[in-house]
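Colleague: Mind looking over this structure? Questions follow.
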Amino acid sequence: MSEIEGELSLSRVIVSDAAVPFISRGGRLFPGQVLAADPGIEDGEQVIAVDRRNNPIRVIQIYKGK
1 MSEIEGELSL
11 SRVIVSDAAV
21 PFISRGGRLF
31 PGQVLAADPG
41 IEDGEQVIAV
51 DRRNNPIRVI
61 QIYKGK
């Protein structure tokens, strides 16, 4: 990992194939669309949403429901 990658590392959320077009256009991510996520993601944290092949989609902010 390069020095820049280390400074910019974000947690990942893997999303379903059906969610990719919506998220890439700025849509919201709902719990049912999450296939897996890195442990320890906090409320309000920015994460990188990726597809099943680990291709980045966009950076999103996570809000956990009550």
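Residue numbers for the sequence shown, in the numbering used here: 1 to 66. Even glycine gets a Cβ: it sits at the ideal position worked out from N, Cα and C.
Excluding the five sequence neighbours on either side, which residues of its own chain have a C-beta within less than 8 Å of the C-beta of L10, listed in chain order?
Modeller: Position 10 of the sequence shown, counting from 1, holds the residue named residue 10. Excluding residues within five positions, the ones whose Cβ falls inside 8 Å are Q46, V47, I48 and V59.
Colleague: Tell me which residues share the same chain as D51 and place their Cβ nearer than 8 Å to its Cβ, disregarding the 5 neighbours each side in the sequence.
Modeller: The count along the sequence shown starts at 1 and reaches residue 51 at position 51. The residues are I14, V15, D17, V20 and I57.
Colleague: Grab me the residues of E42's own chain with a C-beta within less than 8 Å of its C-beta, minus the 5 sequence neighbours each way, in chain order.
Modeller: Working through the sequence shown from its first residue, we reach residue 42 at position 42. The residues are I62.
Colleague: To which residues of the same chain is V64 closer than 6 Å at the C-beta, ignoring the five residues directly before and after it?
Modeller: Start at 1 with the first residue of the sequence shown, and residue 64 comes out as number 64. Here residue 64 is Lys; the residue named in the question, Val, does not match the sequence. Once the five neighbours on either side are set aside, the close Cβ partners of K64 are D43.
Colleague: Check S24 in the structure and name its three-state DSSP category.
Modeller: Position 24 of the sequence shown, counted from the first residue, corresponds to residue 24. It is helical.
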